[in-house]
Amino acid sequence: MKILRTIPEVRAAVSDARRDGQSVGLVPTMGAFHDGHLSLMRRARERNHLVVVSLFVNPTQFGAHEDLGAYPRDEARDAELAEAEGVDILFAPAASEIYPHGFATTIHVADVTEVLDGASRGAFHFDGVATVVTKLFGIVRPDVAYFGQKDAQQVLVVRRVVRDLDLDVRIEACPIVRQADGLAMSSRNVYLDADARAQATVLNRSLDAAASAFEAGERDADSILSAADRVLADAGIAPEYLELRDAETLELVTRVDRDALLAVAARVGAARLIDNHLLSSISSATDRTGA
Ligand code: AMP
Numbered sequence: 060m061k062i063l064r065t066i067p068e069v070r071a072a073v074s075d076a077r078r079d080g081q082s083v084g085l086v087p088t089m090g091a092f093h094d095g096h097l098s099l100m101r102r103a104r105e106r107n108h109l110v111v112v113s114l115f116v117n118p119t120q121f122g123a124h125e126d127l128g129a130y131p132r133d134e135a136r137d138a139e140l141a142e143a144e145g146v147d148i149l150f151a152p153a154a155s156e157i158y159p160h161g162f163a164t165t166i167h168v169a170d171v172t173e174v175l176d177g178a179s180r181g182a183f184h185f186d187g188v189a190t191v192v193t194k195l196f197g198i199v200r201p202d203v204a205y206f207g208q209k210d211a212q213q214v215l216v217v218r219r220v221v222r223d224l225d226l227d228v229r230i231e232a233c234p235i236v237r238q239a240d241g242l243a244m245s246s247r248n249v250y251l252d253a254d255a256r257a258q259a260t261v262l263n264r265s266l267d268a269a270a271s272a273f274e275a276g277e278r279d280a281d282s283i284l285s286a287a288d289r290v291l292a293d294a295g296i297a298p299e300y301l302e303l304r305d306a307e308t309l310e311l312v313t314r315v316d317r318d319a320l321l322a323v324a325a326r327v328g329a330a331r332l333i334d335n336h337l338l339s340s341i342s343s344a345t346d347r348t349g350a
């Protein structure tokens, strides 16, 4: 595995592969790898000749009072893990390589950025994500880019950029990888002390409770959300948001009669955690008929 720091080096390495007709898969990350990241690398490895992983803690997607300074960084460990997954190129640029002096362009996506994390963290967050991902696509020119459904809204934002700007890349969303007790893996889980770590399972448990209500036939959004809210309240957690939205447009739904995203964000101890479940009208209809 090569560790590359500059855009020209990455372009050269990728264009050699492309000249030989090889497919290129990209996994954008901010490092501090866990099994969620590794699952994306595995998927990319299975399906492409050349696998590029970017490791860049993107400053523009963090707010002034967020955790940019504290964000876990361990490039040596990340490089070992990526190499073990058969990654070909780890692109780990300095911030000045991505945002040189005079950098002046921002990609802003409307609609799907205006709710959930976009409302909770602020518009800058998805501006930062859309801009850096667009740059990575321009640098690597991947055939396929792999993202985790853990950040479901991010997937929708990236898909919208690709569609609106006619970028020639396919976006693949991969399932959420969880700890054995259901906690969604996240680089930010290292902020949890023992008490908060125990409490953090409540996010997934609350979503499970709502999903169970849905599977039992409940379709009223408020009733489904109440099932989740009760579990959170019992654990003393007041969510930043707990919402049911159309899985494609992120419009609020009052009845779940199409695929819906059940999404939660909450502070648990020192960490701000997010999690989500997809409520699929199709699979649940299939379940009920026993097909
Ligand atoms: P991050 O380094 O947190 O920016 O994440 C890099 C990529 O890994 C994003 O596409 C995330 O959605 C994805 N990811 C993070 N956590 C998980 C997880 N628990 N399961 C699956 N994908 C994940």
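In terms of my numbering, the sequence shown is residues 60 to 350.
Ideal placement from N, C-alpha and C gives every residue a C-beta, glycine not left out.
These numbers were taken from a predicted model, which means no experiment stands behind them.
Hey, could you find the ends of the beta strand (DSSP E) T88 is sitting in?
83-88
For A178, I'd like the list of residues in its chain whose CB is within less than 7 Å of its CB, leaving aside the five on either flank, ordered along the chain.
none
Starting from G207, follow the alpha helix (DSSP H) in both directions and report where the run begins and ends.
Counting along the chain, G207 falls outside any alpha helix (DSSP H), though it belongs to the beta strand (DSSP E) covering 203-207.
What's the C-alpha gap between R237 and P87?
19 Å
Own chain residues within Cβ distance below 6 Å of I333, not counting five before or after:
A324
So, are the CB atoms of D252 and G328 less than 7 Å apart?
yes
By how many angstroms is the C-alpha of D279 removed from the C-alpha of V111?
43 Å
Just curious, the alpha helix (DSSP H) that I148 is in, first and last residue?
No alpha helix (DSSP H) contains I148, which is instead part of the beta strand (DSSP E) from 148-150.
Pick from G197, Q208, D210, N248: whose alpha carbon is nearest that of D225?
G197
DSSP-derived helix/strand/coil call for N335
strand
From G90 to R132, what does the alpha carbon distance come to, in whole angstroms?
7 Å
Does ligand 1 have even one heavy atom less than 6 Å from the beta-carbon of T193?
no
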